[in-house]
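Enquirer: The structure that follows is given in the form of structure tokens.
There are 2 protein chains.
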Amino acid sequence: MLREAAVVGVGMTPITAGSGRNLTDLFIEAAKQALDDSGVDRIDALYVGNMMSGFLQQQEHLGAMMATALGREGVPAYKVEAACASGGVAVNAAVKGLLSGLEEIVLVGAVEKMSGFTTPEVTAGLMMAEDRLKVASTGVTFVGLNAMIAREYMDKYKVTHESIAQFPVLCHQNALDNPKAQFRKRIDVQDVLRSPLVADPLRLLDCSGIGDGAAAIVLALKNVAKKFTDSPVEVAASTVSSDTLSLYQRPTITTFEASRAAANRAYKAAKLTPKDVDLLEIHDAFSILGVMALEDLGFADKGSGTKLLAEGECAREGRIATNSFGGLKARGHPVGASGVYQVAEVAVQLKNEAGKCQVPNAEVGLAQSVGGIGSTVAIHILRGMS
Amino acid sequence: MLREAAVVGVGMTPITAGSGRNLTDLFIEAAKQALDDSGVDRIDALYVGNMMSGFLQQQEHLGAMMATALGREGVPAYKVEAACASGGVAVNAAVKGLLSGLEEIVLVGAVEKMSGFTTPEVTAGLMMAEDRLKVASTGVTFVGLNAMIAREYMDKYKVTHESIAQFPVLCHQNALDNPKAQFRKRIDVQDVLRSPLVADPLRLLDCSGIGDGAAAIVLALKNVAKKFTDSPVEVAASTVSSDTLSLYQRPTITTFEASRAAANRAYKAAKLTPKDVDLLEIHDAFSILGVMALEDLGFADKGSGTKLLAEGECAREGRIATNSFGGLKARGHPVGASGVYQVAEVAVQLKNEAGKCQVPNAEVGLAQSVGGIGSTVAIHILRGMS
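Chains as they are written, first to last, in our numbering: chain A, 1 to 386; chain B, 1001 to 1386.
Structural data, given as structure tokens:
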């Protein structure tokens, strides 16, 4: 029989800066929520997503660390890392664990603690996602690399910053209804354009912030899942693609080929097309990435992603509800954890448990987790089973 | 049909200190060797094992980085980490990838670059395997933790340092025949006892050194493997167990419960017992760990591991040939890479291609990769298929 995986429980901490909480404390809050939500009485393995704990906290070995903190030492446990896609690839590793037949119920948790450091420290940490010797050493920052993309995109497709700024505006709008979101404040396009310049053309409100958070999901084989929940959410596809580590190694910088490739493999695996997707959680670490994702994932032609926003198609009531909990921009982006937040949020939507964030009649959702400057992309397509 | 995994190619760099080589350079040498050795024309995924690159090199995202350097950007690629067991758990993740049915041929490579730093820097890096807030912050070092174990073991079982020192003597003896080994120098028990004290009772020659290295293996589903090689080596079992992150959290410190648990699960999965094992690669980062492993893996009663050494049973011609290429002590211990060296070495032995290091008539081999102070253990049992 073909094995299939399903989400049976989720947990998420609020995302905050300056909480003073440590990695374990954050992780355990999310993990316990997910375990309680699922009702499972055991886990066969633990997968931990995280990017920066070695650099920022001088702490590795989060697998055994979190297994111990959960009182579940003994279980197979390890960390999976792919920069800001660490959460997404941890879910992928967990899905493989289930499909391998070696595990039936697994916990995936991801955590990042970014606050409590200076901006240069966090900036250096984020640049670990790019090539240290050839790129990071030049002094360019991650927002700088994204600014290059934004400028090229705007020039190439004659798209204005005003148009792109609709993306963070949408995210802030959605986050108003999410009590766990880091930035619950309505903004408009002019707020974005008038916010402080960070790396031309990107301004402060084009950029996700620095925050601490953890998210967790319990995954189980579908036949096992049905024992614990009446409404498991099927993992219809879990794919990962890579691209060159560095931006300068690519023929074009206005498309993330890894997004296209991972999404196309996911659609094929799920036997679905973008037309079947009701709900998107996409990796808008910077506004331009949100717009590009709409295109790379197959929802708009190249250069026309902002039209979807202008036409209201990405709103919760639109054709393709996007970042319904606020996305990286407004829900928050604790980098290695964001990929698990996304999958958790899609699952909550498909179970119709999203409260004020609920997207009506959503049956299929897609989460896109991006590592580095589009160098790793993990795609998950989830489908409600009720 | 039950899927099964097999090793179809291996690659290993020599282990050295002060080479000035970078992570990519090391990784690619091993990966290309493994690919050439296997004859495969594609890989479906890349798994990278590494512990300290975030801390020492300010470099994460090794999955996409190494995929790019191999000219294979596009493949799913991510890093797997569990301190010094990173290599072992990366192999475990790769085996799951194959058994999941999502991949048919995968590359696992692991790398660590430890030289070029001060001893305090490397010491701090290694302590990332323990609890930063509660243990590392006290100033205790990893050799210090192992010294506690050694002292307790010697007191509890009335075993002398002379007896334990047989372990590094054996490893140095075996490394004489391994051109890739870091320490190719014969030593005797008195050399160990007279070497500089590091953390009482452990002396310099009780401890593995600081080195740079990378190892890689190509794994394939068994039915696919047969297209590429006449002598694939079956992965009969791949297990991971965890234990508490910290030593102080355990009822006893002279047994690594994670070793026992992972080994017992592996024997069960492979339908084998310790009696069936001809060949061991064990994690002797410190001499005491080599002795404890002989016991925890089922080859000697508790407290009597050194008797096996005294009786010559661990020599290449003995009943249970141990660390035939020199082990962590003498082959070298580039921490996150060691687990892949071990599996590669077992595979080479079972293919009867170990040259002067060859163990006669070996059919079944076991590799034990340990992370932290016994907090993660990965066990692989390999079986020749010829």
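Heads up, the beta-carbon is just placed ideally off N, CA and C, and yes, glycines get one too.
From the beta carbon of residue 1342 of chain B, is the nearest beta carbon of chain A less than 7 Å away?
Expert: No, because no Cβ of chain A sits closer than 7 Å to the Cβ of residue 1342 of chain B.
Enquirer: For the segment 1039-1049 of chain B against the segment 1282-1300 of chain B, are there 3 or more C-beta pairs whose distance is under 8 Å?
Expert: Cβ pair count under 8 Å is below three, so no.
Enquirer: Please report whether the beta-carbon of residue 243 of chain A lies at a distance below 7 Å from any beta-carbon of chain B.
Expert: Residue 243 of chain A counts as touching chain B.
Enquirer: Using the beta-carbon of each residue, which ones in chain B are nearer than 8 Å to residue 316 of chain A?
Expert: Within 8 Å Cβ-Cβ: nothing; residue 316 of chain A doesn't reach chain B, min ~32 Å.
Enquirer: Within 10 Å of its beta-carbon, does residue 139 of chain A have 16 or more other beta-carbons around it, so buried, or fewer, so exposed?
Expert: So residue 139 of chain A counts as exposed.
Enquirer: Closer than 8 Å is the cut-off here; do at least three beta carbon pairs connect the segment 1051-1059 of chain B with the segment 1222-1238 of chain B?
Expert: Because the criterion of three Cβ pairs below 8 Å is not met, the segment 1051-1059 of chain B and the segment 1222-1238 of chain B do not touch.
Enquirer: Give the C-beta separation of residue 148 of chain A and residue 247 of chain A to the nearest angstrom, bearing in mind that I take them to be a contact with Cβ-Cβ under 8 Å.
Expert: Yes, residue 148 of chain A and residue 247 of chain A are in contact; Cβ-Cβ is about 7 Å, under 8 Å.
Enquirer: Looking only at its chain, what residues have a beta carbon closer than 6 Å to the beta carbon of residue 1013 of chain B, apart from the 5 residues adjacent to it on each side?
Expert: So the list reads 1026, 1029, 1030, 1213 and 1214, once near-sequence residues are dropped.
Enquirer: Below 8 Å on C-beta distance, what does residue 286 of chain A contact in chain B?
Expert: Residues of chain B passing the Cβ test: none, with the nearest at roughly 17 Å.
Enquirer: From A:175, A:93 and A:9, pick the residue whose C-alpha is nearest to that of residue 409 of chain A; which is it?
Expert: Because chain A spans 1 through 386 in this model, residue 409 of chain A falls outside it and cannot be assessed.
Enquirer: Once you ignore the five residues that flank residue 359 of chain A on each side, which residues in its own chain have a CB closer than 6 Å to its CB?
Expert: Here the set comprises 279, 316, 321, 324 and 349.
Enquirer: Alpha carbon to alpha carbon, how far is residue 319 of chain A from residue 310 of chain A?
Expert: Between residue 319 of chain A and residue 310 of chain A, the C-alpha separation is close to 13 Å.
Enquirer: Mind reading off the beta-carbon distance from residue 224 of chain A to residue 104 of chain A? Whole number of angstroms is fine, and I expect it under 8 Å.
Expert: 5 Å between Cβ atoms; contact.
Enquirer: The beta strand (DSSP E) spanning residue 368 of chain A covers which residue range?
Expert: It spans 364-371 - the beta strand (DSSP E) in which residue 368 of chain A sits, taken as one unbroken run.
Enquirer: Note down the Cα distance separating residue 168 of chain A from residue 262 of chain A, rounded to an integer number of angstroms.
Expert: Residue 168 of chain A and residue 262 of chain A: Cα-Cα distance of roughly 24 Å.
Enquirer: List the residues of chain A that residue 1115 of chain B touches, going by C-beta distances under 9 Å, in chain order.
Expert: Near residue 1115 of chain B there are no residues of chain A at all, since even the closest Cβ is about 16 Å away, more than 9 Å.
Enquirer: To the nearest angstrom, how far is it from the Cα of residue 1355 of chain B to the Cα of residue 1208 of chain B?
Expert: Cα to Cα, the separation comes out at about 24 Å.
Enquirer: My output table needs one value for residue 1072 of chain B: the three-state DSSP class, helix, strand or coil.
Expert: In this structure, residue 1072 of chain B counts as coil in the three-state DSSP scheme.
Enquirer: Residues of chain B with CB closer than 7 Å to the CB of residue 380 of chain A, please, in chain order.
Expert: Within chain B, no residue comes near residue 380 of chain A; the closest Cβ sits about 13 Å away, beyond 7 Å.
Enquirer: Give the straight-line distance between the Cα atoms of residue 101 of chain A and residue 281 of chain A, rounded to the nearest whole angstrom.
Expert: Looking at the two C-alpha atoms, the distance is approximately 29 Å.
Enquirer: Among residues of its own chain, excluding the 5 on either side of residue 185 of chain A, which ones have a beta-carbon nearer than 7 Å to its beta-carbon?
Expert: Answer for residue 185 of chain A: 172, listed in chain order.
Enquirer: For chain A, is any of its Cβ atoms less than 7 Å away from the one on residue 1055 of chain B?
Expert: Yes, contact with chain A.
Enquirer: Could you check if residue 1211 of chain B is buried or exposed, using at least 16 other CB atoms within 10 Å of its CB as the buried criterion?
Expert: Answer is buried; the Cβ neighbour count reaches 16.
Enquirer: Which bits of chain A does residue 1133 of chain B rub up against, with CB to CB less than 7 Å?
Expert: Residues of chain A passing the Cβ test: 22.
Enquirer: So with CB distances below 7 Å, who are the chain A contacts of residue 1292 of chain B?
Expert: Simply none; closest approach about 18 Å.
Enquirer: Say whether chain A places a C-beta atom closer than 7 Å to the C-beta of residue 1214 of chain B.
Expert: No, its Cβ sits nowhere closer than 7 Å to a Cβ of chain A.
Enquirer: Which value, in whole angstroms, describes the spacing of the CA atoms of residue 1370 of chain B and residue 1304 of chain B?
Expert: When rounded, the distance between both Cα atoms is 21 Å.
Enquirer: From residue 1051 of chain B to residue 384 of chain A, what does the alpha carbon distance come to, in whole angstroms?
Expert: Taking the straight line joining both Cα atoms gives about 38 Å.
Enquirer: Does the separation of the CB atoms of residue 189 of chain A and residue 162 of chain A fall below 7 Å?
Expert: Contact: yes.
Enquirer: What does a CB cutoff of less than 8 Å around residue 1006 of chain B pick up in its chain, not counting 5 residues either side in sequence?
Expert: Correct list, in chain order: 1219, 1220, 1221, 1222, 1225, 1232, 1233, 1234, 1235 and 1385.
Enquirer: Counting only beta-carbon separations shorter than 7 Å, does residue 120 of chain A have a partner in chain B?
Expert: Output row for residue 120 of chain A: interface = no.
Enquirer: Mapping DSSP to helix, strand and coil, what is residue 1156 of chain B?
Expert: Helix.
Enquirer: Between the segment 95-107 of chain A and chain B, which residues of the former have CB atoms less than 7 Å from a CB of the latter, in chain order?
Expert: Against chain B - using a Cβ distance shorter than 7 Å - the residues of the segment 95-107 of chain A are 96, 97, 99, 100, 101 and 102.
Enquirer: If you follow the beta strand (DSSP E) that residue 1382 of chain B is part of, which residue opens it and which one closes it?
Expert: Where residue 1382 of chain B is concerned, the enclosing beta strand (DSSP E) stretches over 1376-1384.
Enquirer: Thinking just about the alpha-carbon of each residue, which of B:1335, B:1020, B:1229 and B:1197 is nearest to the one in residue 1040 of chain B?
Expert: Measuring from the Cα of residue 1040 of chain B, the nearest candidate turns out to be B:1229.
Enquirer: What are the residues in the segment 1063-1086 of chain B lying within 7 Å of chain A by C-beta distance?
Expert: If the cut-off is 7 Å between Cβ atoms, the segment 1063-1086 of chain B has 1063, 1064, 1065, 1067, 1068, 1073, 1074, 1075, 1076, 1077, 1078, 1079, 1080, 1081, 1082 and 1083 near chain A.
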